[in-house]
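So the structure is just underneath, and the comments pick up after that.
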Amino acid sequence: YDLEAFKADLRNARILADILNHLLNYFIPNPASWTLITTPKRAHTERLGYHFASEVLKLTSADTGITFLEDVVGARDKNKIEPVFFQLKPIPANTNLIIFDDIFTTGKTIYTTLDVLKQNPANNLQHTNPLIIIAVNNN
Numbered sequence: 063y064d065l066e067a068f069k070a071d072l073r074n075a076r077i078l079a080d081i082l083n084h085l086l087n088y089f090i091p092n093p094a095s096w097t098l099i100t101t102p103k104r105a106h107t108e109r110l111g112y113h114f115a116s117e118v119l120k121l122t123s124a125d126t127g128i129t130f131l132e133d134v135v136g137a138r139d140k141n142k143i144e145p146v147f148f149q150l151k152p153i154p155a156n157t158n159l160i161i162f163d164d165i166f167t168t169g170k171t172i173y174t175t176l177d178v179l180k181q182n183p184a185n186n187l188q189h190t191n192p193l194i195i196i197a198v199n200n201n
C-alpha cells in the first residue's frame, strides 16, 4: 500500500481520528488529565504542506477534549536511520502523555522521541512510560 498517497489525502486523517477517538473514549475516562503529542515533523510535511499526524491529533483533540500540544519534539534533520531529536516545548506538569506516530516501520522514530523526553527530568518520565499509539504498522 502506498503510505505517502494515504497521507496525501486528508480525508484519511478523519478516518484515523475517528478510530483513535473510539479507542481513547473507551480507555481514558478523564481526558482533562491527558496530553497528545506527535513524533517530530519531517520529510512529508514539506511535500504535503501539513503534518499528517498533527492533522489526526487536531481532530482527535477537538472530538475528545484531550489537549494536543504541537511541536514538542523536533528533528535536527530528516535522517531516519540515526535521527537526532531535541525537545522544543515542555510537557505540562501532572499530565499523562500520549505519543502518536502515524507510521511505524523500524520503531526508531518513536523510541528516539521517548528517549529525548525521558532525558529531561522536568517531564517526570523517568519511572513511567507514556501511552504510545501507532496508526499503521508498516511491516
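In our numbering, the protein residues as written are 63 to 201.
Here a beta-carbon is modelled for each residue, glycine too, at the ideal position from N, C-alpha and C.
Review point. What number of angstroms, rounded off, separates the C-alpha of THR190 from the C-alpha of ASN156?
Key: Between THR190 and ASN156, the C-alpha separation is close to 13 Å.
Practice item. Can you tell me which of PRO183, ASN74 and ASN83 puts its alpha carbon nearest to the alpha carbon of ILE160? Key: The candidate whose alpha carbon is nearest that of ILE160 is ASN83.
Check your understanding: Based on Cα-Cα distance, which residue from ILE90, PHE147, LYS142 and GLN149 lies nearest to GLY127?
Key -> Of the listed residues, the one whose Cα sits closest to GLY127 is ILE90.
Check your understanding: How would you write the range of the alpha helix (DSSP H) that THR17 sits in, first residue to last?
Key -> Because the chain is modelled from 63 through 201, residue 17 falls outside the range shown and cannot be assessed.
Practice item. Rounded to whole angstroms, what's the CA-CA distance from ALA67 to LYS103? Just pull it up for me. Key: It is roughly 17 Å from the alpha-carbon of ALA67 to the alpha-carbon of LYS103.
Point to revise | C-alpha distance - ASP125 paired with SER95, whole-angstrom precision | key: So the alpha carbons of these two residues sit roughly 15 Å apart.
Review point. Among residues of its own chain, excluding the 5 on either side of GLU117, which ones have a beta-carbon nearer than 7 Å to its beta-carbon?
Key: Here the set comprises LEU72 and ALA75.
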